[in-house]
Ligand SMILES: Cc1cc2nc3c(=O)[nH]c(=O)nc-3n(C[C@H](O)[C@H](O)[C@H](O)COP(=O)(O)OP(=O)(O)OC[C@H]3O[C@@H](n4cnc5c(N)ncnc54)[C@H](O)[C@@H]3O)c2cc1C
């Protein structure tokens, strides 16, 4: 599908919800604005920051709601140290926020029925969250497997939601791994360590015929591309979204 042309919109902030350790989902009311996007695309957000730091007043965020969800547009991010994130965290309900988008080509090819393997590093689950909600609402049944690596159990962004999706939809499998289990307060008896070739080979029945989507911080995306290349996956079977800034 051809991407929608981007445009500028302004939406009122409604609420934020805690989704993992330092990560929050921010909801904006989209009912008064005509705005289309494809699951997996991102948007540029502008904030009014009277005294911005050197990182400035704008950031890119993947959209985390599905296109069919007409009430809210949401983005999910980790609240860390920049002035931008502090301003975002202190938004009051009703405050209007400016956006430009949608952008990007990290989208589902619906006519492609090959199994899809999603690989996310931490916050990189955001475009996949939109794609999965889209696929569920559109009643798509092409197999999807999501490998997500999180630092700790508490960092498991959308862990509960993805686990529920797996129970409810036989075409979906969720395989989280915790890279620093000793830094977790909660018990974990699932996979640990970074995602390895062995983990992929053990879980993907037809790995050479699958299409790979990788999202997350730059270093993580690059290392996963190298790993897939070493497994003989050609570049045209790999889509990537690098979250610069982390
Ligand atoms: C296509 C695309 C999609 C993206 N989607 C998402 C998304 O869905 N969710 C998301 O969270 N991000 C996403 N990003 C990244 C996002 O745009 C920001 O770059 C990122 O969230 C970091 O934000 P920040 O600069 O406010 O830093 P922070 O989140 O505050 O911190 C991030 C890192 O930068 C360091 N840092 C922060 N401020 C400073 C400073 N002043 N000086 C030195 N170091 C500093 C911190 O120590 C930390 O290591 C995406 C990026 C792209 C390109």
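In my numbering, the protein residues as written are 484 to 729. Every residue gets a Cβ at the ideal spot worked out from N, C-alpha and C, and that includes glycine. Remember, it's a predicted structure, so these values are computed and weren't measured experimentally.
- Straight through space, the alpha carbons of residue 646 and residue 616 are spaced by roughly 13 Å.
- In the three-state reduction of the DSSP assignment, residue 634 falls in the coil class, being assigned neither a helical nor a strand state.
- For residue 510, the enclosing beta strand (DSSP E) starts and ends at 506-512.
- No residue range can be given for residue 552, since it is assigned to no alpha helix (DSSP H) and is classified by DSSP as neither H nor E.
- Burial state of residue 611 is buried, judged by a 10 Å Cβ sphere holding 16 or more other Cβ atoms.
- Residues with their Cβ less than 5 Å from any non-hydrogen atom of ligand 1, running along the chain, are 525, 536, 538, 542, 543, 544, 545, 560, 563, 564, 565, 567, 568, 606, 609, 726, 727 and 728.
- If you ignore the 5 residues before and after residue 508, its C-beta comes within less than 7 Å of the C-beta of 499, 500, 502, 547, 557 and 559, all in its own chain and listed in chain order.
- Given a length threshold of 3 residues, each whole run of the beta strand (DSSP E) inside the segment 575-652 is given here in chain order: 579-586, 599-604 and 627-633.
- For residue 724, the beta-bridge partners assigned by DSSP are 698.
- Per DSSP, the continuous alpha helix (DSSP H) segment holding residue 681 begins and ends at 680-686.
- Note on residue 542: 16 or more other CB atoms within 10 angstroms of its CB, so buried under the neighbour-count rule.
- For residue 528, the secondary structure class from DSSP, reduced to helix, strand or coil, is strand.
- One Cα belongs to residue 595, the other to residue 720, and the distance between them is close to 11 Å.
- Inclusion of residue 673 and residue 688 in the CB contact set at 8 Å is not warranted, their separation being larger than that value.
- Rounded to the nearest whole angstrom, the C-alpha separation of residue 654 and residue 707 is 23 Å.
- Sequence-distant partners of residue 697 (beyond 5 residues in either direction) whose C-beta falls short of 6 Å from its own C-beta, in its chain, are 602, 704, 707 and 723.
- Secondary structure of residue 496 (DSSP, three-state): strand.
- The three-state secondary structure of residue 562, taken from DSSP, is coil.
- For residue 657, the enclosing beta strand (DSSP E) has its first and last residue at 655-661.
- If you compare the alpha carbons of 709, 725 and 726 with that of residue 718, the shortest gap goes to 709.
- Per DSSP, the unbroken beta strand (DSSP E) holding residue 545 starts and ends at 541-545.
- Residue 608 is classed as buried because its beta carbon has at least 16 other beta carbons within 10 Å across all chains shown.
- Counting other Cβ atoms within 10 Å of its Cβ, residue 524 reaches 16 or more and is therefore classed as buried.
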